[in-house]
Amino acid sequence: MAPAIDFIASLGTGSNRRERLVSAFANLEQYENRLAELMRNELRQIAGVTLYQAAAGVAKTPTVAFRLDKLAPESLRTTQKRKFGA
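Using my numbering, read the sequence shown as starting at 1 and increasing by one per residue.
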């Protein structure tokens, strides 16, 4: 497990492992939030997509929930599984 912790710590800065881990997790959170916001912005541009999210100004996790109006969730899941596996 130490190699995994050291890898994560390598993504941050600081004078000791704890500081590097705290910094790394902050960096990862910022990166994931930027990606999720980009995805939300792009989904808003697609006709027939309903985006579910907290109101503006509310902190969000980098999880994106949406629905395609003309496709049942089960159909989308089946299509994605066929195309991408698992």
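Backbone N, C-alpha and C define an ideal beta-carbon position, used for all residues, glycine too.
Self-check item: Contact set for R67: own chain, Cβ-Cβ below 6 Å, skip 5 residues either direction
Solution: Start at 1 with the first residue of the sequence shown, and residue 67 comes out as number 67. Closer than 6 Å at the Cβ level, and outside the excluded window around R67, lie T50.
Exercise. Kindly say whether P62, judged by its beta-carbon, lies nearer than 7 Å to any beta-carbon of chain D.
Key: As a matter of chain content, chain D is missing from the structure shown, which is built from one protein chain.
Quiz prompt | Counterpart residues of V49 in DSSP-defined beta bridges | solution = Working through the sequence shown from its first residue, we reach residue 49 at position 49. Paired residues: L68.
Practice problem: Identify every run of the alpha helix (DSSP H) within the segment 14 to 60, keeping only runs that are complete inside it and at least 4 residues long; order them along the chain. | Solution: List check, alpha helix (DSSP H) in window: 17 to 44.
Quiz item: Is it a yes or a no for the segment 27 to 36 touching the segment 58 to 65, going by three-plus beta-carbon pairs under 8 Å?
Solution: They touch, by the three-pair rule.
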